[in-house]
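**Q** Structure provided below as structure tokens; questions to follow.
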Amino acid sequence: MTPLEPAILTIFGITGDLAQRKLLPALYHLAHDKLLPESFKIVGVSRRGTTVKDVLKLIEESVHSNGSSCDEVTLSWLEQALSIVDMDITKPDEYALLKREIDAIEDSLGVCLNRLFYLAIPSALFGAVVERLGSKDLNTGCQHGVAESRLLIEKPFGYDLESAQSLVKSLRGSFTEEQIYRIDHYLAKETVQNILTFRFENPLFSQSWDKDHISHIMITAAESIGIEGRVAFYEQMGALRDLIQSHLLQILALVTMDKPTEMEADAIHRAKEELLSSLVPPADDKMESETIRGQYETYKKEVSSSHSKTETYAAIKLTADNPKWHGVPMYIRTGKSLKEKVTEVTVVFKDADTPECTNYLTIRIQPNEGIVLNLRIKKPGFESKIENVQMDFCYSEKLGVSHPDAYERVLVDVLRGDKTLFATSNEVLACWRITEPILRAWQTDRQPLHIYKNATWGPEVSDKLLAEVSGEWLTEVLHVCSVHVTNVKGASDDNR
Ligand code: BG6
Numbered sequence: 030m031t032p033l034e035p036a037i038l039t040i041f042g043i044t045g046d047l048a049q050r051k052l053l054p055a056l057y058h059l060a061h062d063k064l065l066p067e068s069f070k071i072v073g074v075s076r077r078g079t080t081v082k083d084v085l086k087l088i089e090e091s092v093h094s095n096g097s098s099c100d101e102v103t104l105s106w107l108e109q110a111l112s113i114v115d116m117d118i119t120k121p122d123e124y125a126l127l128k129r130e131i132d133a134i135e136d137s138l139g140v141c142l143n144r145l146f147y148l149a150i151p152s153a154l155f156g157a158v159v160e161r162l163g164s165k166d167l168n169t170g171c172q173h174g175v176a177e178s179r180l181l182i183e184k185p186f187g188y189d190l191e192s193a194q195s196l197v198k199s200l201r202g203s204f205t206e207e208q209i210y211r212i213d214h215y216l217a218k219e220t221v222q223n224i225l226t227f228r229f230e231n232p233l234f235s236q237s238w239d240k241d242h243i244s245h246i247m248i249t250a251a252e253s254i255g256i257e258g259r260v261a262f263y264e265q266m267g268a269l270r271d272l273i274q275s276h277l278l279q280i281l282a283l284v285t286m287d288k289p290t291e292m293e294a295d296a297i298h299r300a301k302e303e304l305l306s307s308l309v310p311p312a313d314d315k316m317e318s319e320t321i322r323g324q325y326e327t328y329k330k331e332v333s334s335s336h337s338k339t340e341t342y343a344a345i346k347l348t349a350d351n352p353k354w355h356g357v358p359m360y361i362r363t364g365k366s367l368k369e370k371v372t373e374v375t376v377v378f379k380d381a382d383t384p385e386c387t388n389y390l391t392i393r394i395q396p397n398e399g400i401v402l403n404l405r406i407k408k409p410g411f412e413s414k415i416e417n418v419q420m421d422f423c424y425s426e427k428l429g430v431s432h433p434d435a436y437e438r439v440l441v442d443v444l445r446g447d448k449t450l451f452a453t454s455n456e457v458l459a460c461w462r463i464t465e466p467i468l469r470a471w472q473t474d475r476q477p478l479h480i481y482k483n484a485t486w487g488p489e490v491s492d493k494l495l496a497e498v499s500g501e502w503l504t505e506v507l508h509v510c511s512v513h514v515t516n517v518k519g520a521s522d523d524n525r
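Residue 525, in the working numbering, is where the sequence shown stops; the numbers in between run on with no holes.
Here it is in structure tokens:
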């Protein structure tokens, strides 16, 4: 990796949930692997009298909870890099404290540092914090020369189309689009990054990746965990907003977008934006049959609201209004408290003359990362029988492969100013345009909320979504990079 420019990372919400679970362990591992710039400082913003020692303790705890241990050398490196500004981020005057700290660090080093501001705080506060950063000129470089100021924000980017539009507008009041890094941590997962390479570097697939060869596409993001105490957040969000509007539409875009003119950030974003703007949600009169919402059995009790209609499961069908994908159904589903944690994309190939004859390709995003191709072969023996077999590529079996955690990748990319894996405002707004009609339909009582048992695969009715392609969600029976398929429909012996 080329050396990274010196930087100062200010984390708003350094003791919060996101920082503890993702950011701090990612920083620890990057520091441990010596992947951070030589001149690198971290400023934690907190108003609870937090000390550097407290943050170090949080780092140790979060690294331990992920099954690793911390070494003293890395911890003392982080200790010298870290300082805390105790301030109330809702009070404009207190931003002078932050500015003083950042200026003092740059003065003591005598160099300019790129100023990175990570807002690991509720999105309702983004607008106000950003405006105050701007009013203290923290949106520009430092006094020792030229450096950049970059803003990192986490989803949710708004609550619906209108709020997303006003968020875009309010952030632009202080930071340019170029300076804003909208994190979608799924885009930083190694297996997601591989989608474009796999599609465009293998002529076998790049030439058959369209409506003439593909019957349908299925994306599943199942989680075995529930909402883990995030009651207020989840009650406002629900599964459609939380996973589909962001992560899963981004994945669908990578799976279906045209080849970018160049494999670099602007061209990739242009191709992605074009695809997203062609995606069509179900028409009003199809909402009931082409979207499904569910809630796990114990949810209402968990959120102490017997009236809650928040969906913890969502499955939808989309189509694309473009010549390449016309008529190809694209199914997306996600849910909490399901049987297993698994995220994957399955592309089902068709043969127009013999519709029963299919191949499918599964990109397993997590866990057991890999790619599986289901093929039909002659069953060895005297008889002329056909059987289905799997060809697997498993990351775990590829020697020497260890991929960075998504948040490590996010931090490295923002340090080097590479925006490829961050969502643009146009992408975010296009994703809201797709989900908005579904959200509106779900607000009415016409759409049933299916209650499903915890630790199952969600409402049984979601299988009906695939009836028109005579398909099934393969996730339930397909074991990628672990146990092999036993009973997938069409994968058993065929007596012809
Ligand atoms: C987050 C959602 O964006 O992604 C969470 O808000 C979800 O509800 C999480 O659990 C899933 O991320 P991962 O990387 O564990 O699949």
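Idealized CB from N, CA, C, for every residue including glycine.
Check whether the Cβ atoms of T341 and G356 lie closer than 8 Å to each other.
**A** Cβ atoms of T341 and G356: not closer than 8 Å.
**Q** The ligand BG6 and E331: does the residue's C-beta get closer than 7 Å to at least one heavy atom of that ligand?
**A** Answer for E331: no, Cβ out of range of the ligand BG6.
**Q** Quick one: give me the first and last residue of the beta strand (DSSP E) that T31 is part of.
**A** Taken as a continuous stretch (DSSP letters only), T31 belongs to no beta strand (DSSP E), as it is neither H nor E.
**Q** Under the assumption that S68 contacts P121 (Cβ atoms under 8 Å), give the Cβ distance between them as a whole number of angstroms.
**A** 30 Å between Cβ atoms; not a contact.
**Q** Can you name, in chain order, every residue of its own chain whose Cβ lies under 6 Å from the Cβ of T515, other than the five neighbours on each side?
**A** Legend: pLDDT at T515 = 43, less than 50; position of this residue unreliable, value from coordinates given subsequently. Cβ within range, chain order: n/a, list empty.
**Q** Check whether the Cβ of K184 sits closer than 7 Å to any heavy atom of the ligand BG6, and report yes or no.
**A** K184 Cβ: within cutoff of the ligand BG6.
**Q** Using 10 angstroms around the beta-carbon of S411, count the other beta-carbons present and answer buried if the total reaches 16, otherwise exposed.
**A** In the sequence as presented, Ser is not what sits at residue 411; that position holds Phe. Flag for F411 reads exposed.
**Q** Look at the alpha carbon of K82 and the alpha carbon of E206, and state the distance between them as a whole number of angstroms.
**A** Looking at the two C-alpha atoms, the distance is approximately 36 Å.
**Q** Count Cβ pairs between the stretch 229-243 and the stretch 202-221 that sit closer than 8 Å; are there 3 or more?
**A** They do not touch, by the three-pair rule.
**Q** Could you give the DSSP three-state label for D447: helix, strand or coil?
**A** Coil at D447, not helix or strand.
**Q** Applying the criterion that 16 or more other CB atoms from any shown protein chain within 10 Å of the CB defines a buried residue, is A435 buried or exposed?
**A** With 16 or more Cβ atoms within 10 Å of its Cβ, A435 is classed as buried.
**Q** Looking at the ligand BG6, does it come within less than 7 Å of D271, judged from the CB to the closest heavy atom?
**A** Yes, the ligand BG6 has a heavy atom inside 7 Å of this Cβ.
**Q** Cβ of E340 within 7 Å of any heavy atom in the ligand BG6?
**A** No, the beta carbon of E340 sits no closer than 7 Å to any heavy atom of the ligand BG6.
**Q** Identify, in the order they occur along the chain, each residue of the same chain with its Cβ nearer than 6 Å to the Cβ of E398, setting aside the five sequence neighbours on each side.
**A** Result list for E398: T220 and Y424, in chain order.
**Q** Run through the stretch 386-470 for me and flag every whole beta strand (DSSP E) of 3 or more residues, listed as ranges in chain order.
**A** For the stretch 386-470, whole beta strand (DSSP E) runs of length 3 or above, ordered along the chain, are 388-395, 399-407 and 415-423.
**Q** Report the option in C141, R77, L47 and E183 whose CA atom is closest to the CA atom of R259.
**A** Residue L47 is the option with its Cα nearest to R259.
**Q** Sort out for me which residues DSSP pairs E183 with in a bridge.
**A** I212, per the DSSP bridge assignment.
**Q** Do you know how far the Cα of N351 is from the Cα of I246?
**A** Computed Cα separation, rounded: 16 Å.
**Q** By the 10 Å Cβ neighbour count, where 16 or more other Cβ atoms means buried, how is Q109 classified, buried or exposed?
**A** Counting Cβ neighbours within 10 Å, Q109 comes out exposed, since fewer than 16 surround it.
**Q** If you measure from the CB of Q395, is any heavy atom of the ligand BG6 nearer than 7 Å?
**A** Because some heavy atom of the ligand BG6 lies under 7 Å away, the Cβ of Q395 counts as near it: yes.
**Q** Is it a yes or a no for the stretch 137-144 touching the stretch 96-113, going by three-plus beta-carbon pairs under 8 Å?
**A** Taking 8 Å as the limit for Cβ pairs, the verdict is that the stretch 96-113 does not touch the stretch 137-144.
**Q** On the premise that L390 lies in contact with V371, defined as a C-beta separation below 8 Å, what is that separation, rounded to the nearest angstrom?
**A** That pair is no contact at about 16 Å.
**Q** Leaving out five residues before and five after V457 in sequence, what residues of the same chain have Cβ atoms less than 7 Å from its Cβ?
**A** Within the same chain, V457 has close Cβ partners F186, A193 and R211.
**Q** Beta-carbon separation of L200 and V159 under 8 Å?
**A** Yes. Within cutoff.
**Q** Is DSSP giving K528 helix, strand or coil here?
**A** Only positions 30 to 525 of the chain appear in the structure, and residue 528 is not among them; the question remains open.
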